[in-house]
Every structure is written in C-alpha cells, then in structure tokens.
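Undergrad:
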Amino acid sequence: MRKVIFGINVTVDGCCDHTKVGGSDDIQEYFAHHLRDVGLFAFGRKTYELMVPFWPDVARNHSGQSKAMNEFAQAFVSVKEIVVFSHSLEMPEAKNTRIVREKPQDEIRRLKQAQGKSIWLGGVTIPSLLIEHGLVDEFHLVVHPVVVGEGRRLLEGGSLQEKLQLKLAGSKIFQSGSVALHYLKR
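Mapping the sequence shown onto this note's numbering, position 91 (from 1) lands on 91, and the numbers just tick up by one.
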C-alpha cells in the first residue's frame with residue numbers, strides 16, 4: 001500500500017499561506033530530499049497552478065536563484081504523475097497531469113491501494129479534507145519562526161471525527177531557526 005505524505009511550511013501561529021511563509025535553501029533541500037521517494041503529487045487547482053509551470057520551467061532552464069532551487073525543481077519534475085482535484089480546471093499545463101472531478105477522498109483511497117511510490121500532498125484544502133478522512137500517513141511540517149497573525153490555516157473550517165494521534169519520527173533545526181517536524185500517524 002502506498003503512503004500518503006503531507007508536507008507544508010507553517011508559521012508559529014499556524015498560518016500556511018505561501019505568501020506569508022518564506023523558505024531558505026536548506027528547507028528546499030529538505031523537501032527535495034523527500035520528493036525522491038514520491039511517485040505522485042496530489043494538489044487542488046490553486047496549488048497546481050502555483051507549482052506548474054513554475055517548477056518545470058526552473059528545471060528546464062536551470063533558472064533558480066540558487067542551487068537548492070534548481071535541485072528542488074529537478075526533484076519536482078522527477079515525480080511521474082500529478083493528480084489535480086478541480087471542477088474548474090479545463091486543461092492541465094503539464095502532460096503528466098490528470099484532472100479528477102470526483103471526491104478526493106475516494107480517489108486517494110483508490111490510489112493508496114495501487115502499487116508505486118508514495119503520494120505527496122500539497123496545499124491546504126485537499127490535504128485538510130484528506131486529514132479529516134484519516135487518509136494521511138505522514139506529515140512533514142516546517143515551522144518558521146514568525147508570527148503573521150493572518151492567513152490560511154490547516155483544517156480551517158473543517159473538523160476531525162476524532163483526535164488524530166501522531167508519533168514524532170524525526171526533527172531537524174535549520175540555520176534560519178525553522179524546525180522540520182516529521183510525524184507518523186499512529
């Protein structure tokens with residue numbers, strides 16, 4: 001069975017809005033390392049449109065502002081398939097993208113049963129829904145040492161049927177003061 005992994009940057013006050021949370025080279029290296037074991041991305045439309053064509057263009061042109069950006073871009077394009085959950089996206093930007101208009105939780109349950117590398121979730125809305133349905137197996141949270149006081153938060157407006165118990169599997173402190181926390185679902 002494939003693992004479903006959620007990775008995100010978050011502020012100390014829980015904001016996971018990409019416009020409020022910055023990243024450093026060591027954090028991009030951290031995420032690039034973890035993408036090497038991923039065979040499929042699952043995003044909502046907004047996250048997909050942030051990631052594609054940006055990262056494929058960086059990978060093709062080696063146009064990142066740093067070596068870490070270019071390495072992340074290469075790790076991003078090495079993932080074989082992208083599933084986008086959307087009712088409004090007409091045509092995908094990348095050839096390896098499939099649009100799914102049905103319930104994300106049903107598609108992820110089906111994909112988990114298939115053979116292959118792990119499934120990586122990005123964004124806020126789709127991962128929140130999948131967390132509510134108990135479909136996320138691992139969490140990679142990079143907590144940034146900043147309080148922004150506004151912005152989107154994980155599970156905002158949603159609810160869990162029961163408390164989700166996690167086990168700390170690892171942590172890493174970056175020079176910036178950010179901390180990566182790797183949790184497994186119990």
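Think of the CB as a built atom: it goes at the ideal place given N, C-alpha and C, for glycine as much as any other residue.
None of these values were measured; they are calculated from a predicted model.
Taking the C-alpha atoms as reference points, what is the distance between A59 and E71?
TA: Translated into the one-based positions of the sequence shown, residue 59 becomes position 59. Translated into the one-based positions of the sequence shown, residue 71 becomes position 71. Cα to Cα, the separation comes out at about 8 Å.
Undergrad: Compare the Cα-Cα distances from K67 to each of R98, L35, D25 and F139 and report the closest residue.
TA: On the sequence shown, residue 67 is found 67 positions in, with the first residue counted as 1. For K67, the nearest C-alpha among the options comes from D25.
Undergrad: If you follow the alpha helix (DSSP H) that H34 is part of, which residue opens it and which one closes it?
TA: As a first step, residue 34 must be located in the sequence shown, where it is residue number 34. Segment D25 to L35, the alpha helix (DSSP H) holding H34.
Undergrad: When DSSP labels each residue in this structure, what does E190 get in the three-state scheme?
TA: Because the chain in this structure spans residues 1 to 186, residue 190 falls outside the shown range and cannot be described.
Undergrad: Under three-state DSSP, which class holds L50?
TA: Residue numbering aside, residue 50 sits at position 50 when the sequence shown is read from its first letter. Three-state result, L50: helix.
Undergrad: Jot down the residue ranges of each uninterrupted beta strand (DSSP E) in the stretch 107-140, minimum 3 residues, whole runs only, in chain order.
TA: Those beta strand (DSSP E) runs which fall completely within the stretch 107-140 and span 3+ residues are 118-121.
Undergrad: Identify every residue that forms a DSSP beta bridge with K167.
TA: The residue labelled residue 167 in the question sits at position 167 within the sequence shown. Looking at the DSSP assignment, K167 forms a beta bridge with L184.
Undergrad: Is R152 near V179, with beta carbons less than 8 Å apart?
TA: Residue 152 sits at position 152 when you count from the first residue of the sequence shown. Residue 179 sits at position 179 when you count from the first residue of the sequence shown. Cβ distance not < 8 Å, so R152 and V179 don't count as in contact.
Undergrad: Between the Cα of N96 and the Cα atoms of L135, V21, T11 and V83, which residue gives the shortest distance?
TA: What you label residue 96 is simply residue 96 of the sequence shown in a count that begins at 1. Among L135, V21, T11 and V83, the Cα nearest to that of N96 belongs to V83.
Undergrad: Given a cut-off of 8 Å on the beta-carbon distance, is the pair G108 and L135 in contact?
TA: As a first step, residue 108 must be located in the sequence shown, where it is residue number 108. As a first step, residue 135 must be located in the sequence shown, where it is residue number 135. For the sequence presented, residue 108 should be read as Ile rather than Gly. Yes, Cβ-Cβ distance for I108 and L135 is below 8 Å.
Undergrad: Do you know how far the Cα of F54 is from the Cα of A169?
TA: If you number the sequence shown from 1, residue 169 lands on position 169. If you number the sequence shown from 1, residue 54 lands on position 54. Going from the Cα of A169 to the Cα of F54 covers about 31 Å.
Undergrad: What number of angstroms, rounded off, separates the C-alpha of I203 from the C-alpha of L35?
TA: Residue 203 lies beyond the residue range present for the chain, which begins at 1 and ends at 186; the question has no answer from this structure.
Undergrad: Within its chain, find whatever has a CB closer than 7 Å to the CB of G64; leave out the 5 residues flanking it on each side and keep chain order.
TA: Translated into the one-based positions of the sequence shown, residue 64 becomes position 64. Around G64: V58, N70 and A73.
Undergrad: Return the bridge partner residues of G44 from the DSSP annotation.
TA: The residue you call residue 44 lines up with position 44 of the sequence shown. DSSP, once it has assigned bridges, lists F85 as partnering G44.
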